[in-house]
Amino acid sequence: MSLRLLAALPFIGILLGVPFVNRTEPLVLGMPLVLAWIVMWVVLAAVIMGIVYRLDPVNRLSGEADAEVRP
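Shown next as C-alpha cells:
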C-alpha cells in the first residue's frame, strides 16, 4: 500500500499542486513559479519511480534470479 501511495505522489503533486502555484511571480531560476513547479515534479517523479522500483519485492526477486544464472 505504501508503494502505491509513493507512486501516486508525482501525479498528486503535478495535478493538484498546479492550481495553487499558478502565478508568474516569483521567478525561480528565471522561470515562472508554475513552470518551476512542474519541472521540479518531473525530476522528483523520476527519483520516486526509481525508489519504487528498488523497493518493489517483485523486482528484487527477478534481480536475484538473473544474478544466479550468469556464470
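Numbering-wise (the numbering used here), the sequence shown opens with residue -8 and increments by one.
All residues carry an ideal CB built from backbone N, CA and C; glycine is no exception.
Note that the coordinates shown come from a computational prediction; the quantities given were computed from them, not determined experimentally.
Which residue or residues does DSSP assign as beta-bridge partners of methionine 22?
DSSP, once it has assigned bridges, lists Val19 as partnering methionine 22.
For the structure I just gave you, are there three or more beta carbon pairs, one from the region 37 to 45 and one from the region -6 to 4, closer than 8 Å?
Segments in contact, yes.
Report the rounded CA-to-CA distance for leucine 7 versus valine 25, giving the unit in angstroms.
Cα-Cα distance, rounded: 12 Å.
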